[in-house]
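Numbering (the working numbering), first residue to last: 678 to 827.
To start, the structure itself, in structure tokens.
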């Protein structure tokens, strides 16, 4: 019996049977030979079927691992997004309080100026109306300098 020494190569059994001519029962030997061939073929077929089944299992496992990896990556992305959104909201809350204060101060200042203008209008409103009427009724026409020089 001989075995191959190559790594990964199938092991082959060398059956050393006497030649057909020397066999006292040639027909029996040929039947045995055909039967062994059929058994070997069936054994090979069984091995091939097992290999196909193993390949299916490996492929299913790869697919499952890829699906799991995608799912895990999606979870990590979502966690990272939530973390960054929380950091942004915290930063915005810390720094937007200055804007709110500045806006409130500007509104207060505008209100004070508006009240001052209204008070001035009430106080000097009659004088302003009298000045406007006087300016429209007491007209003193003058010739512009450019026309007068010409």
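Positions of the beta carbon are idealized from the N, C-alpha and C atoms, including for glycine.
Secondary structure at residue 738: helix, using DSSP grouped into helix, strand and coil. Per DSSP, the continuous alpha helix (DSSP H) segment holding residue 823 begins and ends at 822–826. Residue 736 and residue 763 have their alpha carbons spaced roughly 41 Å apart.
Excluding the 5 residues flanking it on each side, residue 803 has no same chain C-beta neighbour closer than 6 Å.
Assigned with DSSP and collapsed to three states, residue 804 falls in helix. Here the alpha carbon of residue 759 sits roughly 14 Å from the alpha carbon of residue 750.
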